[in-house]
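Notes for the one structure printed next.
In our numbering, the protein residues as written are 150 to 665.
Structure below.
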């Protein structure tokens, strides 16, 4: 019997670029005195544990090793698995004498331990083994430092790894996947699990990266926090439990509805009243003490009484001064769901904007109306913008595809232009704010949430937290996590295809109870 360590404990919530991770390695080794071979040994043991958990001793584990530190991690994992009694075969993608540094040390220890090895450094002339011979493959071919398109022998080996459906555990990043963008550099390995070290990388979270990564397992290899914390440039942080704390703060026992905040939602023109009604319902479920809807006289009958606990009034025909007085008498506002889009609506909205004093969530058509005039929002109230990629593209003067190709760049550009907090919706929603080097990445949520009304629910959640006194950045982060986890809970109980925005509202309480 041998003892296989479980995957390492969570290493924190940082999300780094390849350059930031290299800098952390350098600080750890050169300034803090951590031996590089010790980090590799810890990494390789975790990789071996992950592999052992996915196979049996009856099937051979094929371990494809490139020539860098990624290959060194694979060689170390091979030695551990061999010592634990698992049949392994190392497949060397480079000539043995080309391995250097810590990788060469692990190659030599494998030789001395009698680990079976096969050379594949000329795959165009060397006969590749049949992948079905293996019960599992370890991908230690290319690491996070890859920048150019995969070519030659590496390209052939990636095709071979993917060819026959043998499950793959990737070391650090699936070979061929850009660790900064999540995009294949020509082609990439498709893994069922990726074991990465000390911190996750942007490419693990930015699509299509997750479709190649599989289950992400971030393990502790003894990297000092001091090394990780010296990262230069924008650093990602996974949003999670601690971000929910402001949303779930207990109410004072002697509280009343006036102390729970009053949200004013502005929009809901005739034919599009569902958006503002869902936002109002979400705000109530998020703990707002009072909610008022301001809409057009024509739509008033459609929203009045639709949600019993909500007040409604005809307000969109008021002059900016009068309407601002109505909104400023509350604690927060949500502007945009079902907002008028007639000629001149953008000018009217900005005239109102400059008169507002309470924090505002600007969503949906409210965002479209300020396209080309985003900087004008800086002269106004504290605000949170909640664009989806199409709206973000209109705000930045580009396409949705441009936004999706660089979501982190897009959210930071929106922050700089608008001066507010920005929630860039989509798969793994991003949250960023001016003056903050750290941006948030939501690891929760699912494809079923790409449906009508989901953004209106999120806007209502954020508005409620603002009205309850939560600061804009914290309100945005809390609402994004709460919203995403409610969506995941509904999808598990039902299906993604059957998921409705109103279902998410109904699941908010279950998330607060800790049922997700």
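Glycine included, every Cβ here is placed at the ideal spot set by N, Cα and C.
Note that the structure is a prediction, hence the values are computed from the model and not measured.
Per DSSP, the unbroken alpha helix (DSSP H) holding residue 434 starts and ends at 422-434. Residue burial annotation: residue 267 is exposed, with fewer than 16 other C-beta atoms found within 10 angstroms of its C-beta.
Burial state of residue 282 is exposed, judged by a 10 Å Cβ sphere holding fewer than 16 other Cβ atoms. As DSSP reads the structure, residue 415 sits in a beta bridge with 443, 484. One Cα belongs to residue 639, the other to residue 652, and the distance between them is close to 7 Å.
If you draw a straight line from the Cα of residue 190 to the Cα of residue 329, it comes to about 25 Å.
Secondary structure in the stretch 496-521: the alpha helix (DSSP H) runs of 4 residues or longer, each lying completely within the stretch, are 514-517 in chain order.
Taken in chain order, the unbroken stretches of alpha helix (DSSP H) that lie wholly in the stretch 543-582 and span 4 residues or more are 549-554, 556-567.
A residue is called buried when at least 16 other Cβ atoms come within 10 angstroms of its Cβ; residue 361 meets this threshold and is buried. Partner residues in the beta bridge of residue 214, as assigned by DSSP, are 241, 289.
DSSP lists no beta-bridge partner residue for residue 541. In the structure shown, residue 630 adopts helical secondary structure according to DSSP, grouped into three states. If one requires a minimum length of 4 residues, the alpha helix (DSSP H) runs lying completely within the stretch 336-360 are 351-354, in chain order. Closest in alpha carbon position to residue 311, among 339, 504, 366, 560, is 339. The secondary-structure analysis by DSSP pairs residue 191 with nothing; it has no beta-bridge partner. In chain order, 400, 436, 437, 438, 439, 616, 617 place their CB closer than 8 Å to the CB of residue 409, counting only its own chain and leaving out the 5 sequence neighbours on each side. For residue 266, the uninterrupted beta strand (DSSP E) segment begins and ends at 266-268. Look at the stretch 594-659 and you find these whole runs of alpha helix (DSSP H), each 4 residues long or longer: 603-616, 621-642. DSSP places residue 261 inside the alpha helix (DSSP H), whose first and last residues are 250-262. Straight across, the Cα-Cα distance linking residue 462 with residue 456 is about 13 Å. Taking the Cα positions, residue 195 is about 38 Å away from residue 562.
Taken in chain order, the whole beta strand (DSSP E) runs of length 3 or more contained in the stretch 285-334 are 317-320. Bounds of the alpha helix (DSSP H) holding residue 452 are 449-452.
Excluding residues up to 5 positions away in sequence, 321, 322, 353, 365, 366, 367, 368 lie with their Cβ nearer than 8 Å to the Cβ of residue 345 in the same chain. In the three-state reduction of the DSSP assignment, residue 176 falls in the helix class, which pools H, G and I. Just measuring C-alpha positions, the residue of 225, 349, 515, 356 sitting nearest residue 417 is 515.
For residue 365, the enclosing beta strand (DSSP E) has its first and last residue at 364-368. Using a Cβ distance threshold of 9 Å, residue 181 and residue 373 count as a contacting pair. Cβ-Cβ separation between residue 610 and residue 431: approximately 5 Å, consistent with a contact (criterion under 8 Å). For the pair residue 482 and residue 460, the Cα-to-Cα distance works out to about 14 Å. For residue 388, the three-state secondary structure derived from DSSP is coil. A direct Cα-to-Cα measurement between residue 419 and residue 429 gives close to 16 Å. In terms of Cβ geometry, residue 577 and residue 333 do not form a close pair [threshold 9 Å]. Within 10 angstroms of the beta-carbon of residue 486 lie 16 or more other beta-carbons, which makes it buried.
Taking the C-beta atoms as reference points, residue 212 is found no nearer than 9 Å to residue 201.
Assignment of residue 205 by DSSP, reduced to helix, strand and coil, places it in the coil class.
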